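Asks: Following this message is one structure expressed as structure tokens.
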Amino acid sequence: MAVTTLPGAAIRDETVPAKGVTAFTVRRGETVRVEDLEGRQAVDLICYNLENLDEKFWAAHTAKLNGTIYITTGHVLYSDLARPMMSVVEDTLGVNDVICGSCSFELDAVRYGEDKAAPGCMDLFAQGIAPWGLKRSDVPMCFNIFLDYPVQEHGRVVLDRDAGSKPGDHIDLRAEMDLLVVITACPQVINPCNAHNPTPIRVAVY
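This note's numbering applies: residue 291 is where the sequence shown begins, and numbers increase by one.
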């Protein structure tokens with residue numbers, strides 16, 4: 291199980307279990323590292339302005355203001371008020387998605403049938419934000435870490451791909467404001483985004 295060395299002293303360092311969620315606060319200037327421990331594990335991230343929880347990560351603004359749907363080193367995650375929330379300072383894989391959102395029971399029921407559907411990242415996000423008085427309807431479209439959904443000719447999106455990450459691949463995101471950060475180790479087993487085998491991830495703050 292790979293564990294990389296942090297560039298600074300750890301403020302927080304945890305292993306999020308397979309199909310798990312973590313929610314925590316970070317201060318401006320602190321950096322969050324998300325690391326794939328075993329490889330091919332998708333990770334979903336959302337965040338909120340800690341001083342105003344109505345302000346949250348916004349995938350569409352992030353794509354527009356960076357001029358790309360492929361977010362990596364040097365890019366910024368923006369809020370629904372078009373303000374910088376997190377900056378990508380290191381990304382060993384170089385592939386992250388802002389267009390396809392989270393899995394959920396409802397989505398899987400439509401795609402695969404109710405008999406196969408199970409709780410997804412949307413449900414985990416709702417669980418994670420509950421202690422802050424937020425509910426499922428407050429969950430924005432997420433930042434999909436380690437996932438690549440190529441857009442082909444005429445706008446066709448290639449879905450049902452596994453995360454391309456290897457053990458030790460990681461992304462470091464520096465907080466540009468005080469934040470509530472919520473991160474899931476995606477529980478999906480029907481489609482291959484986790485190679486049909488969800489595994490733990492590391493989440494650290496330094």
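Cβ coordinates follow ideal geometry from the N, Cα and C atoms, glycine included.
Being a predicted model, the structure only gives us computed values, none of them experimental.
Cβ atoms of V293 and G418: under 7 Å apart, would you say?
Replies: Position 128 of the sequence shown, counted from the first residue, corresponds to residue 418. Position 3 of the sequence shown, counted from the first residue, corresponds to residue 293. Against a cut-off of 7 Å, the Cβ pair of V293 and G418 comes out as no contact.
Asks: Short check: CB of V385 to CB of G445, under 7 Å?
Replies: Locating residue 385 in the sequence shown gives position 95, counting from the first residue. Locating residue 445 in the sequence shown gives position 155, counting from the first residue. In this structure, G445 does not lie closer than 7 Å to V385 by Cβ.
Asks: What are the boundary residues of the alpha helix (DSSP H) that includes K346?
Replies: Along the sequence shown, read from residue 1 onward, the residue named residue 346 stands at position 56. No alpha helix (DSSP H) contains K346, which is instead part of the beta strand (DSSP E) from N342 to K346.
Asks: Along the chain, which unbroken stretches of the beta strand (DSSP E) at least 3 residues long are found entirely within the segment 293-368?
Replies: Those beta strand (DSSP E) runs which fall completely within the segment 293-368 and span 3+ residues are 302-306, 311-316, 321-326, 333-339, 342-346 and 366-368.
Asks: Between the Cα of S394 and the Cα atoms of G458, A300 and P430, which residue gives the shortest distance?
Replies: In the sequence shown, the residue the question calls residue 394 occupies position 104. It is P430 whose Cα lies nearest to the Cα of S394.
Asks: By DSSP, does I419 sit in helix, in strand, or in coil?
Replies: On the sequence shown, residue 419 is found 129 positions in, with the first residue counted as 1. It is helical.
Asks: In three-state terms, what does DSSP make of L469?
Replies: As a first step, residue 469 is located in the sequence shown; it is residue number 179 there, counting from the start. Strand, per DSSP.
Asks: Thinking C-alpha only, which one of M467, Q331, T352 and I301 is nearest P457?
Replies: Numbered from 1 along the sequence shown, position 167 holds the residue referred to as residue 457. Per the Cα distances, Q331.
Asks: Please return the same chain residues whose Cβ sits closer than 8 Å to the Cβ of G298, not counting the five positions on each side in sequence.
Replies: The residue labelled residue 298 in the question sits at position 8 within the sequence shown. Correct list, in chain order: T321 and Y496.
Asks: Can you tell which of R492, A465 and D468 has the C-alpha that lies nearest to the C-alpha of C476?
Replies: Position 186 of the sequence shown, counting from 1, holds the residue named residue 476. Residue R492 is the option with its Cα nearest to C476.
Asks: Assuming the contact rule is C-beta atoms closer than 8 Å, G391 and C432 should be a hit. Round their C-beta distance to whole Å, please.
Replies: For the purposes of this step, residue 391 is taken as residue 101 along the sequence shown, with counting starting at 1. For the purposes of this step, residue 432 is taken as residue 142 along the sequence shown, with counting starting at 1. At roughly 6 Å, the Cβ-Cβ gap stays under 8 Å, so G391 and C432 are in contact.
Asks: Are the beta-carbon atoms belonging to M376 and L383 less than 7 Å from one another?
Replies: Counted from its first residue, the sequence shown places residue 376 at position 86. Counted from its first residue, the sequence shown places residue 383 at position 93. No; because the gap between Cβ atoms is not below 7 Å, this pair is not in contact.
Asks: When you compare the CB positions of R323 and H460, do they come within less than 7 Å of one another, or not?
Replies: Within the sequence shown, the letter at position 33 stands for residue 323. Within the sequence shown, the letter at position 170 stands for residue 460. Yes. Within cutoff.
Asks: Starting from the Cα of D503, find the closest Cα among N342, R318, D452 and L449 and give me that residue.
Replies: Past the boundaries of the shown model lies residue 503; the chain is included only from 291 to 496, so the question cannot be answered.
Asks: Write down the C-beta distance between T362 and V388 rounded to the nearest angstrom, noting that I regard them as a contact closer than 8 Å.
Replies: For the purposes of this step, residue 362 is taken as residue 72 along the sequence shown, with counting starting at 1. For the purposes of this step, residue 388 is taken as residue 98 along the sequence shown, with counting starting at 1. Not confirmed; about 11 Å, so no contact.
Asks: With DSSP run on the structure shown, which of helix, strand or coil describes V400?
Replies: In the sequence shown, counting from the first residue as 1, residue 400 sits at position 110. V400 falls in the helix class under three-state DSSP.
Asks: Do R266 and D468 have their C-beta atoms closer together than 7 Å?
Replies: An answer regarding residue 266 cannot be provided, because it is not within the stretch 291 to 496 covered by the chain.
Asks: Between the C-alpha atoms of P307 and P490, what's the straight-line distance to the nearest angstrom?
Replies: Your numbering for residue 307 matches position 17 in the sequence shown. Your numbering for residue 490 matches position 200 in the sequence shown. Cα-Cα distance, rounded: 4 Å.
Asks: Note down the Cα distance separating E466 from A485, rounded to an integer number of angstroms.
Replies: In the sequence shown, residue 466 corresponds to position 176, counting from 1. In the sequence shown, residue 485 corresponds to position 195, counting from 1. Rounded to the nearest angstrom, the two C-alpha atoms are 33 Å apart.
Asks: Contact defined as beta carbons within less than 8 Å: I believe L463 pairs with V378. What is the distance between those atoms, to the nearest angstrom?
Replies: The residue labelled residue 463 in the question sits at position 173 within the sequence shown. The residue labelled residue 378 in the question sits at position 88 within the sequence shown. With 8 Å as the limit, L463 and V378 qualify as a contact, their Cβ atoms being about 6 Å apart.
Asks: Specify the secondary structure class of F436 as computed by DSSP and reduced to three states.
Replies: Indexing the sequence shown from 1 puts residue 436 at position 146. F436: coil per DSSP, three-state reduction.
Asks: Can you tell me whether Q478 is buried or exposed, with buried defined as 16 or more other CB within 10 angstroms of its CB?
Replies: For the purposes of this step, residue 478 is identified with residue 188 of the sequence shown, where counting begins at 1. By the 10 Å Cβ count, Q478 comes out buried.
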